[in-house]
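Data block below; observations after.
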Amino acid sequence: SQQGEEDPQALSIQEGENATMNCSYKTSINNLQWYRQNSGRGLVHLILIRSNEREKHSGRLRVTLDTSKKSSSLLITASRAADTASYFCATDAGTGGFKTIFGAGTRLFVKA
Amino acid sequence: EAQVTQNPRYLITVTGKKLTVTCSQNMNHEYMSWYRQDPGLGLRQIYYSMNVEVTDKGDVPEGYKVSRKEKRNFPLILESPSPNQTSLYFCASSFGSSLDEQYFGPGTRLTVT
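Chains as they are written, first to last, in the working numbering: chain A, 1 to 112; chain B, 1001 to 1113.
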């Protein structure tokens, strides 16, 4: 079953612009994590936001979480060509840390 | 260097020929997991393990087996592979559970003909 669903599915922007990706989920969660994947490679963890947090920052990344709407957004500011990748949200779907449910991902292309 | 390793990285096999994909981590992590990635579907969890001898099904366990006899290793076994198991497979580990940051292996691209 798909828990997280990202939109848009694909996003193309110019270098220097901001990129916003959204993730929606269906059940209660303990936390939500964002991962990045460069073409066909293993995922790399970007940031984790707990269910009692509303916003978190890490460098050029800003994540928000709205548990009432069951949604999260990932903002990448001042995008670079090296940010070109797929971005996924993941939750434990309220299983208490047993399962992991990933969304289908957003493919970001940053043009130099 | 802290890492998750998978072998083989690429495998082409035929329907019905049993195969094992190995996964090993050197971080003393308790939680390990297998995922498959198919175009447009993101990653789907196959099996996970909370600790040695403790494994459970994810969302797509049919056709797969796992074992966790040692903390560092979590092999994925396909007893009788079928073409619908052609996919990109990832192993991952984390300190305690899926609530923690997961570290991913480089992936195994499997083709079943």
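By construction, the Cβ of each residue, glycine as well, lies at the ideal position given by its N, Cα and C atoms.
The model shown is predicted, which means the values in this text are computed figures rather than measured ones.
task: Find the residues of chain B that neighbour Leu43/A, judging by a C-beta separation of less than 8 Å, and give them in chain order.
output: Taking the first residue of the first sequence as 1, we reach residue 43/A at position 43. Going along chain B in sequence order, the residues near Leu43/A (Cβ under 8 Å) are Leu1043, Phe1090, Ala1092, Gln1102, Phe1104.
message: Can you tell me whether Tyr1010/B is buried or exposed? The criterion is at least 16 other CB atoms within 10 Å of its CB, across all chains shown.
response: On the second sequence, residue 1010/B is found 10 positions in, with the first residue counted as 1. Under this definition Tyr1010/B is an exposed residue.
task: Please work out which residues of its chain come closer than 8 Å, Cβ to Cβ, to Leu43/A, disregarding the five sequence neighbours upstream and downstream, and give them in chain order.
output: The sequence position of residue 43/A within the first sequence is 43, counting from 1. Result list for Leu43/A: Tyr35, Arg36, Gln37, Phe88, in chain order.
task: Compare the beta carbon distance of Thr1111/B and Thr1086/B with 7 Å and say whether it is the shorter of the two.
output: Residue 1111/B sits at position 111 when you count from the first residue of the second sequence. Residue 1086/B sits at position 86 when you count from the first residue of the second sequence. Yes, they are a contact pair.
query: Any chance the CB of Met21/A is under 6 Å from a heavy atom of the ligand ADP?
result: Inclusion of the ligand ADP in the displayed structure is not the case, the ligand content being empty and no account of it being possible.
field: Buried/exposed call for Thr106/A, threshold 16 Cβ in 10 Å
entry: Mapped onto the first sequence, residue 106/A falls at position 106. Label assigned to Thr106/A: buried.
According to DSSP, residues forming a beta bridge with Lys111/A: Translated into the one-based positions of the first sequence, residue 111/A becomes position 111. Answer is Gln14/A.
Buried/exposed call for Ile1012/B, threshold 16 Cβ in 10 Å: Indexing the second sequence from 1 puts residue 1012/B at position 12. Per the 10 Å Cβ criterion, exposed.
- prompt: Under the rule that 16 or more other beta-carbon atoms within 10 Å means buried, what is Pro947/B, buried or exposed?
  reply: An answer regarding residue 947/B cannot be provided, because it is not within the stretch 1001 to 1113 covered by chain B.
query: Can you give the Cα-Cα distance for Ser1/A and Cys1091/B, rounded to whole angstroms?
result: Along the first sequence, one-based indexing puts residue 1/A at 1. Along the second sequence, one-based indexing puts residue 1091/B at 91. The predicted model places Ser1/A with a pLDDT of 34, which falls under 50 and marks its position as unreliable; any figure quoted below should be read in that light. Answer to the nearest angstrom: the Cα atoms are 19 Å apart.
task: Within its chain, find whatever has a CB closer than 6 Å to the CB of Met1027/B; leave out the 5 residues flanking it on each side and keep chain order.
output: Walking along the second sequence from the start, residue 1027/B turns up at place 27. For Met1027/B, where only same-chain residues beyond five positions count, the Cβ hits under 6 Å are Ala1002.
- prompt: How is Ala104/A classed by DSSP in three states: helix, strand or coil?
  reply: Numbered from its first residue, the first sequence carries residue 104/A at position 104. In the structure shown, Ala104/A sits in coil (DSSP, three-state: anything other than H, G, I, E or B).
- prompt: Between Lys1069/B and Thr1022/B, what straight-line distance do the alpha-carbon atoms span, to the nearest angstrom?
  reply: As a working mapping, residue 1069/B is identified with position 69 in the second sequence. As a working mapping, residue 1022/B is identified with position 22 in the second sequence. Computed Cα separation, rounded: 13 Å.
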